[in-house]
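Novice: Please see the structure below; I have some questions.
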Amino acid sequence: MIIHRPDNISYQEAAASPIAGITAWKALVGLGNVKKGDKVLIHAGAGGVGHMAIQLAKHLDATVIATSSAKNRDFVLSLGADQHIDYTAEKFYELVKDVDFVLDPVGGETRQRSLDVVRKNGLIVSIVPPNFEAAQEKARKKGVNLSLLLVKGSKEEMEAVAALLLKGVFKVFISGVYPFSKMADAHLQIESKRTVGKIVVAL
Ligand SMILES: NC(=O)c1ccc[n+]([C@@H]2O[C@H](COP(=O)([O-])OP(=O)(O)OC[C@H]3O[C@@H](n4cnc5c(N)ncnc54)[C@H](OP(=O)(O)O)[C@@H]3O)[C@@H](O)[C@H]2O)c1
Numbered sequence: 112m113i114i115h116r117p118d119n120i121s122y123q124e125a126a127a128s129p130i131a132g133i134t135a136w137k138a139l140v141g142l143g144n145v146k147k148g149d150k151v152l153i154h155a156g157a158g159g160v161g162h163m164a165i166q167l168a169k170h171l172d173a174t175v176i177a178t179s180s181a182k183n184r185d186f187v188l189s190l191g192a193d194q195h196i197d198y199t200a201e202k203f204y205e206l207v208k209d210v211d212f213v214l215d216p217v218g219g220e221t222r223q224r225s226l227d228v229v230r231k232n233g234l235i236v237s238i239v240p241p242n243f244e245a246a247q248e249k250a251r252k253k254g255v256n257l258s259l260l261l262v263k264g265s266k267e268e269m270e271a272v273a274a275l276l277l278k279g280v281f282k283v284f285i286s287g288v289y290p291f292s293k294m295a296d297a298h299l300q301i302e303s304k305r306t307v308g309k310i311v312v313a314l
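Offset between the sequence shown (1-based) and this note's numbering: plus 111.
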């Protein structure tokens with residue numbers, strides 16, 4: 112599926128934006144209905160989806176708490192986060208509570224512990240399927256809503272993201288550009304789970 116590239120972004124930025132942008136948009140707007148004054152926790156705020164989600168949550172006038180390691184603290188704050196938590200040194204579940212909405216691009220213990228910081232009837236949108244059932248059980252007990260979002264990407268969704276790029280709400284950060292011959296290195300980078308923003312493979 113193809114849509115017009117917004118005039119204000121490069122081809123590389125256009126290539127890097129769709130999946131991360133759609134995922135953030137569907138999570139926060141489509142499922143989360145995040146609004147002014149909401150307390151929002153974005154895990155992996157330095158990652159592909161997370162860095163877009165922080166920008167969108169701020170645009171929606173939410174109060175944004177974001178996690179990353181210390182080396183990405185300034186990056187996360189530069190995106191508009193109000194509070195940064197270094198997940199390698201601090202326990203987010205001891206620092207935040209009564210959260211309205213959590214974006215979970217990490218899963219595992221991060222998702223399980225997130226269930227302890229969400230207010231009753233609040234929402235966690237997770238984008239990682241493994242072990243989702245275990246989290247569902249805890250969510251039921253806690254009275255917390257938990258959704259698994261799997262994005263396919265439609266023309267309408269891409270157009271929504273393009274509009275946000277055009278308005279400057281979304282600015283995709285590209286941390287590396289790989290030549291086509293280094294495709295394997297690009298995959299290894301993604302698998303490292305340490306990628307900041309997005310990477311692009313260029314012909
Ligand atoms: N369901 C869907 O439709 C959908 C869509 C897009 C992506 N995904 C999935 O979502 C996951 C995230 O993808 P992504 O592209 O956003 O990012 P990613 O490339 O996996 O994220 C990398 C970032 O995650 C941070 N990070 C790693 N472990 C963390 C932890 N325990 N707590 C907080 N931050 C942590 C790292 O920050 P530091 O270097 O600072 O540690 C790094 O900046 C992947 O598994 C991907 O396959 C699913």
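For each residue, glycine too, the CB sits at the ideal point set by N, CA and C.
Here the structure is a predicted model, which is why all the values come from computation and not from measurement.
Skipping 5 residues on each side, what residues in its chain have a beta carbon closer than 6 angstroms to that of residue 208?
Specialist: The residues are 228.
Novice: Do you know whose CA, among 151, 243, 158 and 220, lies nearest residue 193's CA?
Specialist: Nearest option by C-alpha distance: 151.
Novice: Do residue 314 and residue 291 have their C-beta atoms closer together than 7 angstroms?
Specialist: Cβ atoms of residue 314 and residue 291: closer than 7 angstroms.
Novice: Pick from 261, 175 and 312: whose alpha carbon is nearest that of residue 296?
Specialist: Ranking 261, 175 and 312 by Cα distance to residue 296 puts 312 first.
Novice: Is the Cβ-Cβ distance between residue 179 and residue 156 less than 7 angstroms?
Specialist: Taking 7 angstroms as the Cβ cut-off, residue 179 and residue 156 qualify as a contacting pair.
Novice: Roughly how many whole angstroms lie between the Cα atoms of residue 196 and residue 247?
Specialist: Near 25 angstroms, if we compare the C-alpha coordinates of residue 247 and residue 196.
Novice: Looking at residue 260: is its Cβ nearer than 7 angstroms to the Cβ of residue 138?
Specialist: Yes, the Cβ-Cβ distance between residue 260 and residue 138 is below 7 angstroms.
Novice: Which whole-angstrom value describes the C-beta separation of residue 272 and residue 132, a residue pair presumed to lie in contact below a C-beta threshold of 8 angstroms?
Specialist: About 4 angstroms separates the two Cβ atoms, so the contact holds.
Novice: Measuring from the CB of residue 316, is there a heavy atom of ligand 1 at a distance below 6 angstroms?
Specialist: The structure shown does not extend to residue 316, since the chain spans only 112 to 314, so no value can be given for it.
Novice: Quick one: what does DSSP say residue 144 is sitting in, helix, strand or coil?
Specialist: Reduced to three states, the DSSP call for residue 144 is coil.
Novice: Report back the beta-carbon spacing between residue 310 and residue 286 to the nearest angstrom; my notes put them in contact at under 8 angstroms.
Specialist: With 8 angstroms as the limit, residue 310 and residue 286 qualify as a contact, their Cβ atoms being about 6 angstroms apart.
Novice: If you draw a straight line from the C-alpha of residue 280 to the C-alpha of residue 254, how long is it?
Specialist: Rounded to whole angstroms, residue 280 to residue 254 spans 33 angstroms at the Cα level.
Novice: Can you tell me where the beta strand (DSSP E) holding residue 290 begins and where it ends?
Specialist: First-last of the beta strand (DSSP E) with residue 290: 285-290.
Novice: When the Cα atoms are used, what is the spatial distance from residue 221 to residue 113?
Specialist: Roughly 35 angstroms separates the two Cα atoms.
Novice: Check whether the Cβ atoms of residue 161 and residue 153 lie closer than 7 angstroms to each other.
Specialist: Result yes, Cβ atoms of residue 161 and residue 153 sit closer than 7 angstroms.
Novice: Tell me residue 313's beta-bridge partners as DSSP assigns them.
Specialist: Looking at the DSSP assignment, residue 313 forms a beta bridge with 290.
Novice: Excluding the 5 residues flanking residue 231 on each side, which residues of the same chain have their C-beta closer than 6 angstroms to its C-beta?
Specialist: So the list reads 254, once near-sequence residues are dropped.
Novice: I believe residue 166 touches residue 148 by the beta-carbon criterion, under 8 angstroms. Please report the beta-carbon distance rounded to the nearest angstrom.
Specialist: Going by Cβ atoms, the distance from residue 166 to residue 148 rounds to 18 angstroms, so no, they are not a contact pair.
Novice: Between residue 241 and residue 145, what straight-line distance do the alpha-carbon atoms span, to the nearest angstrom?
Specialist: The alpha-carbon atoms of residue 241 and residue 145 are separated by roughly 25 angstroms.
Novice: Near residue 239, which residues of its chain fall below 6 angstroms by C-beta distance, leaving aside the five closest residues on each side in sequence?
Specialist: For residue 239, where only same-chain residues beyond five positions count, the Cβ hits under 6 angstroms are 218.
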